[in-house]
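Taking it in order: structure first as structure tokens, then the write-up.
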Ligand code: ADP
Ligand code: MG
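Numbering (the numbering used here), first residue to last: 728 to 1311.
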């Protein structure tokens, strides 16, 4: 995500205002309630004086007592309401940011995800957004109320004695310069602290994802060290930020003491020369004293904002990652829709500018209907062909067409609605088995579901499971075997009635009996649909209508099994060794 840092980012506060805007009236109400609560608190001494006066003159105190209790209760109630409204608003700001980020992350281009750490992206949604809570309450409200009080006090000081105000402002300006040096350090340390949280999230995600291998390899200590190091780095940087925040707060406090002393000295001299009277000096000194609270509040708001703006910058970076247009609900092809044709023309592609080319001018044509097998050594670029058809990535040059139309001319949701895709290592999502099957077509009816369960030989599994289709297949489908997962993925793709079916080593983990059955199912589907398969089993490859032999990012040959065995030495070798090794 370092590339984002080189761009000139829009200021973080603008992003914050975007999240705050929908709640501005609630925020204002909360701030006003807090201000009024503070102001009514100031009335208390007046009522107390009344009460003492009544006592001194032997008058009934019921009136003053009632007023006092009323004031105290109203004060507490408004204070509570104000605090509640502010906190609630701040939580709504966090919610808004989390919603925006979650929606955006789902739209990210696969390329952007390839180059990011999922754990770090997660930390940006979960942890960085949390920091917006304090920014909203402490920074925005603090800056608003503190700033208002500050301006009002300064105006009053100017009315009392402009010269002494000049002296005070000079001291404040000097302190402001020092603060200007400290504040960026808070920001930098906060940024590093939150980056470290991201690193920790990424490390955790990797470790938990590979927990079995970590345990089996006895590598717990190594992983532990990496996790602790990230946690310690966050601690170090947070401590550094705390140090500078403390320095900032006390610089402001010190400045006010110095202002007090300077005003006393300069004011004393002015009293001596008769420029002002003692009453003026005393009044001014009182205002200097009053200035302390709002200045502390404003400086607190500014230092607090540094943490928040570091978080905002991290959120902003995530929101600048390349994304697809928002997915629109696209209708699935109707039953009996025409199968699709696919063509690659001189496609060149690499996963990133700093990585080698994976496709060096790939060309092939697949007519509508029938089965086409892609074969070739691993790393040849077969899976990449499917990724390009789904437009997870776009080629650098050359053209890919579906039904003769360039993929770029298809509305993305419509393109994907036409395709059923079983990826290599297709995952099972959390939820029930039924949720997993209906993922790509929630509207599929029971008859279609029953039919697909039968053709993918999942009916036996459903019968065995305690709650049948409603059994939770759970986190990452650990309760299903690899072969079962593959059959679920195929069933899921078939339920979409795709015009183009992409199967990437989709039956590699099936036993011989299930594999033979699925082969018949796929052959059946290929009569009405265009099917592309990446396969290693000779039995699957030989039944294909055509075979595309790929090697090192190029198409070597296209033909039937019989033609290729005679014409292509690589294919002949694959057929003789690799296929047979994997065949039943
Ligand atoms: P095949 O499916 O034929 O085994 P792939 O299409 O998966 O080959 O991969 C072709 C090449 O592209 C491989 O060298 C692989 O390392 C590389 N590759 C695949 N996916 C990515 C990715 N997401 N980012 C970078 N390189 C990748
Ligand atoms: Mg592959």
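Glycine included, each C-beta is placed from N, C-alpha and C at the ideal position. This structure is a prediction, so every number in the text was calculated from the model and none was measured.
- Set against 7 Å, the gap from the CB of residue 1304 to the closest heavy atom of the ligand MG is not smaller.
- For the ligand ADP, no non-hydrogen atom lies closer than 7 Å to the CB of residue 1235.
- For the set 1183, 994 and 1174, the Cα lying nearest the Cα of residue 1211 is the one of 1183.
- Collapsing the DSSP output to three states places residue 1120 in coil.
- Counting of Cβ neighbours within 10 angstroms places residue 984 among the exposed residues, the total staying below 16.
- Taking a cut-off of 8 Å for Cβ pairs, the region 946-963 and the region 876-887 do not touch, as fewer than three such pairs fall below it.
- In terms of Cβ geometry, residue 1224 and residue 1062 form a close pair [threshold 8 Å].
- Per DSSP, the beta bridge partners of residue 1159 are 1199.
- Note that the region 804-820 touches the region 760-768; at least 3 beta-carbon pairs, one per stretch, sit closer than 8 Å.
- It is roughly 14 Å from the alpha-carbon of residue 1078 to the alpha-carbon of residue 1109.
- Residue burial annotation: residue 1240 is exposed, with fewer than 16 other C-beta atoms found within 10 angstroms of its C-beta.
- In the DSSP annotation of this structure, the continuous segment of the beta strand (DSSP E) that includes residue 1257 starts and ends at 1257-1261.
- With 7 Å as the limit between CB and the heavy atoms of the ligand MG, the residues that fall short of it are 1105, 1109, 1110, 1151, 1231, 1232 and 1261.
- At least one heavy atom of the ligand ADP falls within 7 Å of the beta-carbon of residue 1103.
- If you check the CB distance, residue 1272 and residue 1128 do not come in under 8 Å.
- The C-beta distance from residue 1258 to residue 1267 rounds to 11 Å, too long to meet the 8 Å contact threshold.
- For residue 1114, the closest of 1162, 1229, 1209 and 992 by C-alpha to C-alpha distance is 1229.
- For residue 930 and residue 1186, the gap between their C-alpha atoms comes out near 40 Å.
- With a threshold of 7 Å, the Cβ atom of residue 1295 does not count as near the ligand ADP, since no heavy atom of the ligand is closer than that.
- One thing to note: residue 918 has its Cβ within 8 Å of the Cβ of residue 1037.
- With respect to the 8 Å criterion, residue 1074 and residue 1133 are not classified as neighbours on the basis of their beta carbons.
- Relative to the Cα of residue 1032, the nearest Cα in the group 1270, 972 and 1140 belongs to 972.
- Every alpha helix (DSSP H) of 4 residues or more that sits fully in the region 732-776 is shown, in chain order, as 739-747.
- If you ignore the 5 residues before and after residue 1002, its C-beta comes within less than 8 Å of the C-beta of 890, all in its own chain and listed in chain order.
- Our two residues, residue 1301 and residue 949, have alpha carbons roughly 40 Å apart in a direct line.
- Residue nearest to residue 1138 within the set 789, 987 and 1117 is 1117 (criterion: CA-CA distance).
- Runs of the beta strand (DSSP E) lying entirely within the region 870-921, each at least 3 residues long, are absent.
- Taking each of 1177, 1209 and 923 in turn and checking the Cα distance to residue 844, the smallest one comes out for 923.
- Beta-bridge pairing by DSSP links residue 1003 to no other residue.
- Assignment of residue 1237 by DSSP, reduced to helix, strand and coil, places it in the coil class.
- Taking a 10 Å sphere around the C-beta of residue 866, we find 16 or more other C-beta atoms and assign the residue as buried.
- Taking every protein chain shown into account, the CB of residue 816 has 16 or more other CB atoms within 10 angstroms, so this residue is buried.
- By the neighbour-count criterion, in which 16 or more other beta carbons inside 10 Å mark a residue as buried, residue 1021 falls on the buried side.
- Taking a cut-off of 8 Å on C-beta distances, the region 1047-1056 touches the region 829-845, as three or more cross pairs fall below it.
- Under the DSSP assignment, residue 809 falls in the alpha helix (DSSP H) whose first and last residues are 789-834.
- Distances from the CB of residue 1272 to the heavy atoms of the ligand ADP are all 7 Å or more.
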